[in-house]
Structures are given as C-alpha cells and as structure tokens.
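*Asks:*
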Amino acid sequence: SPVFGEVQHNLGKILNAIHAFEGHLLVFPELALSGYQFFSRDEVCDLAEDIPSGPSIKSLEEAVRGRDLHVVVGLAERDHDRVYNSAVLIGPKGYIGSYRKTHLFFEETLWFASGDTGFLVWDIGRAKVGLLVCFDWFFPEAARTLAIKGADILCHPSNLVLPYCPDAMVTRCLENGVFAITANRVGREQRGDKPALPFIGMSEIVNPNGRILCRSSQKDEELRLCEMDIAEARDKRINPYNDLFKDRRPEWYVS
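Under the numbering used here, the very last position in the sequence shown is 258; numbers go up by exactly one each time.
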C-alpha cells in the first residue's frame with residue numbers, strides 16, 4: 004500500500020520485499036511507486052520516471068541482479084511529453100521489458116496516454132510471462148492475446164476498487180489455460196476533496212483449471228508464495244476430444 008508521492012519510501016518497501024522473497028517470480032501492484040489518486044497531469048509527470056533509465060528502475064535492477072528471480076512492478080512512465088501507466092519486468096541481468104496499460108480506468112483517462120505497446124510475452128526461462136495492468140482484465144481479448152502468444156503466466160499489477168476481478172480471473176485462467184498472478188493493493192487513498200478509494204486487496208494466484216492457489220486478505224499487506232507446475236499451462240487439452248486453442252474458430256469471430 005504505497006504512500007502517495009513518497010517514491011523513495013514506497014521503493015524501500017518494495018526492495019525489502021524483494022530481499023525477503025524466496026521464490027522466482029514476484030509481482031507488485033499497479034503504480035506501486037507513486038500511489039494512485041492524482042490531481043493533475045503535472046503531478047503525474049513529477050512522479051513518473053523514464054524507462055529503463057529511471058532511478059527506481061536502477062535500484063530494482065540492483066536488488067534482483069544475479070538472483071534466480073524476476074520482478075514485475077507497476078509505475079508511472081514518462082516518455083517525452085506523454086505519461087503512461089506502465090509495468091516493468093526485471094530479471095537477474097537487469098531490465099527486460101515494459102508494458103503500457105491499454106485500457107485506462109476512471110480518472111486515469113485524464114492523466115495518462117493509452118498504451119501503445121500491445122500485449123507482450125517474454126520467455127524468462129522457467130516460464131513465459133505476459134503483463135496486464137488492472138482494468139485490462141475486463142477485456143477478455145487481452146488475456147486471450149497473451150495466451151495465444153504463448154504466455155504461461157499472466158502477471159497482473161492492480162489497484163482494484165471494484166469487487167469483480169478476483170472471481171473473474173478464475174474465468175480468464177480457465178478459458179485460456181494459464182496461470183495468473185493478480186497483485187492488488189490494500190487500504191484507502193483519499194486526497195483533498197476527492198472521494199476515498201477503498202482498495203479491495205484479495206491478491207491471488209490462480210491455476211489453469213481455475214483453482215485459486217492462494218488469495219490474500221482484503222486489509223493486510225502480505226507476501227505470499229505458492230508453487231506452479233508450468234506444464235499445466237502448456238497442455239490445452241480439456242479431454243481426449245477437445246483442445247482449448249485447436250477448437251477455436253476465429254473465422255466466425257468478430258474482428
């Protein structure tokens with residue numbers, strides 16, 4: 004749960020979690036460095052960083068370098084005169100890539116440019132991962148595109164305030180035969196006379212059969228770890244006669 008505008012404080016919490024984590028893939032929430040409730044585009048620009056040359060990216064690279072670990076972090080990205088709601092993927096050798104949120108939610112449409120990266124997949128050795136950011140979950144085509152491109156795991160940094168996503172991600176995983184890691188923040192954010200934003204927590208990991216492997220609380224910050232068998236995401240068979248992707252009939256779908 005970041006403190007709005009306190010980038011160094013928020014980065015410190017992220018670095019502490021990275022140092023304590025004993026797994027191989029760690030996902031943090033959307034806009035985890037800056038906080039969420041902005042008043043102006045100038046405020047976003049002040050808290051945004053260049054990718055991959057920003058100071059927070061360099062600190063994250065140092066924390067992960069040489070470890071058998073990959074990390075996904077949501078942040079505001081500055082690119083010349085535009086700002087994006089982005090997520091970065093960092094591994095043992097440093098920065099790997101970034102994704103710019105495609106589907107902007109609520110006041111994000113006032114401050115951020117719509118993402119222009121498309122939906123990207125990276126092979127990180129143990130698995131292939133694709134990135135979504137928060138409201139992207141609402142559009143089935145996003146998860147389906149990543150799955151068709153070969154993603155085993157959907158990494159999903161979020162700032163969810165609506166109650167639907169934790170259950171909906173079960174469907175996204177089931178219909179695409181993938182794992183998903185949704186990392187959502189907890190607590191509330193309220194600045195000035197803006198309405199309070201109560202974040203729902205409930206970060207979770209879901210398997211390709213739609214089973215929730217772990218789900219965090221609604222109120223408390225938690226660092227959770229569970230085991231995935233990536234082979235489950237690479238077998239798209241439903242039964243001896245049906246295969247999730249081979250049975251698709253895209254010639255009949257609306258484009």
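Glycine residues also receive a C-beta, built at the ideal position from the N, C-alpha and C atoms.
None of these values were measured; they are calculated from a predicted model.
Please classify residue 139: is it buried, with 16 or more other beta-carbons within 10 angstroms of its beta-carbon, or exposed?
*Replies:* buried
*Asks:* Which whole-angstrom value is the C-beta distance of residue 76 and residue 31, which I expect to be below 8 Å?
*Replies:* 5 Å
*Asks:* Consult DSSP for residue 62 and reduce its assignment to one of helix, strand or coil.
*Replies:* helix
*Asks:* The alpha helix (DSSP H) spanning residue 2 covers which residue range?
*Replies:* This structure gives no information on residue 2, because the portion of the chain shown stretches from 4 to 258.
*Asks:* Only counting the same chain, and skipping five residues up and downstream in sequence, which positions put a Cβ closer than 6 Å to that of residue 28?
*Replies:* 73
*Asks:* Which residue's Cα is closest to the Cα of residue 52: 4, 37 and 42?
*Replies:* The shortest Cα separation from residue 52 among 4, 37 and 42 belongs to 37.
*Asks:* Given that a residue counts as buried once 16 or more other Cβ atoms are within 10 Å of its Cβ, and exposed if not, what is residue 102?
*Replies:* With 16 or more other Cβ atoms inside 10 Å of its own Cβ, residue 102 counts as buried.
*Asks:* Indicate the three-state DSSP secondary structure (helix, strand or coil) for residue 162 in the structure shown.
*Replies:* coil
*Asks:* Could you have a look at residue 229 and say whether DSSP puts it in helix, strand or coil?
*Replies:* coil
*Asks:* Does the region 133 to 153 touch the region 110 to 125, meaning 3 or more C-beta pairs lie closer than 8 Å?
*Replies:* yes
*Asks:* Since residue 299 sits in a beta bridge, which residues does DSSP pair it with?
*Replies:* Outside the shown range of the chain (4 to 258) lies residue 299, about which nothing can therefore be said.
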